[in-house]
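Mapping the sequence shown onto this note's numbering, position 328 (from 1) lands on 337, and the numbers just tick up by one.
Beta carbons are placed, not taken as given, at the ideal position from N, Cα and C, and that holds for glycine.
Worksheet: the structure to be examined is printed underneath.
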Amino acid sequence: MRLLFIRLQWLFYVLSASVLLFPAPAYAQWYRLPFQTMGTQAYVELWAEDASQGKTLLTDVQSEFERINQLMSPYIASSELSQVNRDAATNPVTVGAEFYQLLQQAEQLAGLSDGAFDISFASVGFSYDYRQHIKPSAAELSSQQPLINYRLITLLANNQVRFTQQGVKIDLGGIAKGYAVEQAIGLLAKAGIKHALVTAGGDTRLLGDKRGRPWLVAIKHPRKADGIVAQLPLSDSAISTSGDYERFFIEDGVRYHHILDPKSGQSPSGLMSVTVLGPDATRTDAMSTTLFVMGLARGMAFIEQQPEFEAIFISSEHQLYFSSGLAQ
Ligand code: ADP
Ligand code: MG
């Protein structure tokens, strides 16, 4: 008995020595981290070959979101977005190449969508506070609406931005989250990760598959808090949903929500949600907002012209509509 005890003690010493020599046991597994960022819930899940790499990459993803938030948040006074909104109507503002390129991408989609996607929606958008049920007065709306016009944003050489009219404001809420999701997946791919999911709010990007089977991404039910309307098997692609149910209030039977039609400065009705599938989250994010503004008929015609993208519309009558690539 005593002998056995001594042997066990030795075994314990040998084991603890090996733990000291090899502190992070190398084994492949899934690593997961939910976190809050950009005013929303985010989540990353990745397959890594060893624990220290897996854990480091989880926090790298979180830091990448925070880095982009510091550049693009309208709530952070030192963000590049806030600087542009403060000064670009007075003099050209120099921004970083990354911010400038996202403005270029937004401008391109504004042109392509005939102004349905327009980051200067914020010229009116800043007068809404959905939490406090505040909306612009009729007088404010009619004076601010003409300031929604992407042509009033001039992208000059050397990463300079200029507004050609006082009162213009921009916001990247329709594209920045998807961009951050895409950047996060980019850094994981660069680190050699082959299977990952990154999601924030309604924007999701998948890297590879879920090791032999597709990822399953749910489309939220637009009216039932935890309900879903469909689950899509996906890999190596992006999916974004825009809805009228994330930030809104209802007054006199009218639903005031966070997507604005640039032509009116008011929330479009007719749809409850639009989901867009495509190759990258930056574009699916911006595209879902765009289609929401366009509505079913125009939105469907538009997406059918974009061979890389598919869409699922849910009308206010709870009817589902699929673009032709999904219709089977
Ligand atoms: P979420 O922010 O819930 O993911 P969306 O991707 O649909 O939803 O983006 C909605 C956001 O897009 C709004 O909160 C606002 O910041 C911005 N936005 C609203 N209307 C427009 C528009 N017409 N063009 C571009 N961006 C818009
Ligand atoms: Mg969007």
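**Q.** Cα-Cα separation between L280 and S332, rounded to whole angstroms
**A.** For the pair L280 and S332, the Cα-to-Cα distance works out to about 15 Å.
Q. What residues match up with I323 in a beta bridge as DSSP calls it?
A. BP columns for I323 point to S282 and L329.
Q: Please list, in chain order, all residues of the same chain as E255 whose beta carbon is under 7 Å from its beta carbon, the five residues on each side excluded.
A: H267, listed in sequence order.
Q: Consider the C-beta atom of T284 and the heavy atoms of ligand 1; say whether any pair is separated by less than 8 Å.
A: A distance criterion of 8 Å places the beta-carbon of T284 beyond contact range of ligand 1, judged by its closest non-hydrogen atom.
Q | Cβ distance (whole Å) where L243 is taken to contact L215 below 8 Å | A | Between L215 and L243 the Cβ distance is about 6 Å, and since that is below 8 Å, they are a contact.
**Q.** Contained beta strand (DSSP E) runs [length at least 3] in the region 180–260, N- to C-terminal order
**A.** Whole beta strand (DSSP E) segments, 3+ residues: 205–209, 212–216, 224–229, 237–243, 247–252 and 257–260.
Q | Cα-Cα separation, S282 to S82 | A | Approximately 24 Å between the Cα atoms of the pair.
Q: Within 10 angstroms of the Cβ of R292, are there 16 or more other Cβ atoms? Answer buried if so, exposed if not.
A: Classification for R292: buried.
(Q) Measuring straight from C-alpha to C-alpha, what distance separates L24 and T46? (A) Confidence is the limiting factor: at L24 the pLDDT is only 47, short of 50, which leaves the residue's position unreliable, though a coordinate-based value still follows. Going from the Cα of L24 to the Cα of T46 covers about 41 Å.
Q. Just to confirm, does T49 get its C-beta within under 8 Å of one of the non-hydrogen atoms of ligand 1?
A. For ligand 1, at least one heavy atom lies less than 8 Å from the Cβ of T49.
Q. By DSSP, does Q92 sit in helix, in strand, or in coil?
A. Q92: helix per DSSP, three-state reduction.
Q. Are the region 99–119 and the region 167–185 in contact at 8 Å, needing three or more beta carbon pairs?
A. The region 99–119 is in contact with the region 167–185.
Q. How close, in whole Å, do the beta carbons of A125 and M303 come, if the pair is a contact with beta carbons under 8 Å?
A. In this structure A125 is in contact with M303, their Cβ atoms being roughly 5 Å apart against a cut-off of 8 Å.
Q.
Quick check on L150: does DSSP put it in helix, strand or coil?
A. Helix, per DSSP.
Q | Residues of its chain near K178, where Cβ-Cβ distance is below 8 Å and the 5 sequence neighbours each way are ignored | A | So the qualifying residues of the chain are N94, S129, A131, S132, G134, F135 and L156.
(Q) Tell me which residue opens and which closes the beta strand (DSSP E) that I162 is part of. (A) First-last of the beta strand (DSSP E) with I162: I162 to L165.
(Q) If you reduce the DSSP assignment to three classes, tell me which class G120 lands in. (A) Under the three-state reduction of DSSP output, G120 falls in the helix class.
(Q) Looking at the secondary structure, which residues open and close the beta strand (DSSP E) in which Q38 lies? (A) From DSSP, the beta strand (DSSP E) with Q38 extends over Q38 to T46.
Q: May I have the straight-line CA-CA distance separating S325 from V104, to the nearest angstrom?
A: Going by the C-alpha atoms only, they are around 40 Å apart.
Q: With a threshold of 16 other CB atoms inside 10 Å of the CB of P43, please say whether the residue is buried or exposed.
A: Answer is exposed; the Cβ neighbour count stays below 16.
Q: Let me know the secondary structure DSSP gives A51 once reduced to three states.
A: Per DSSP, reduced to three states, the secondary structure at A51 is strand.
Q. Looking at the structure shown, is I143 part of a helix, part of a strand, or coil, going by DSSP?
A. Three-state result, I143: strand.
Q: Find the nearest neighbour of Q275 within the set E149, A295, V285 and A336, judged by alpha-carbon distance.
A: For the residues E149, A295, V285 and A336, the minimum Cα distance to Q275 belongs to E149.
Q: State yes or no: is the C-beta of P288 within less than 9 Å of the C-beta of S246?
A: It is a contact, given that the beta carbons lie within the stated cut-off.
Q | Selected residue, minimal CA-CA separation from D261, among I77, H142 and I202 | A | Of I77, H142 and I202, the residue nearest in Cα terms is H142.
Q. Hey, would you say the C-beta of P145 is under 8 Å away from at least one heavy atom of ligand 1?
A. No.
(Q) Whole angstroms are fine: how far does the CA of P223 sit from the CA of Q337? (A) Distance between the alpha carbons of Q337 and P223: 18 Å.
Q) For the candidate residues T208, N158 and F257, whose alpha-carbon lies nearest to that of Y139? A) Per the C-alpha coordinates, the member of T208, N158 and F257 positioned closest to Y139 is F257.
Q: Select from R264, A209 and Q314 the residue whose C-alpha is nearest the C-alpha of Y137.
A: Out of R264, A209 and Q314, R264 has the C-alpha closest to the C-alpha of Y137.
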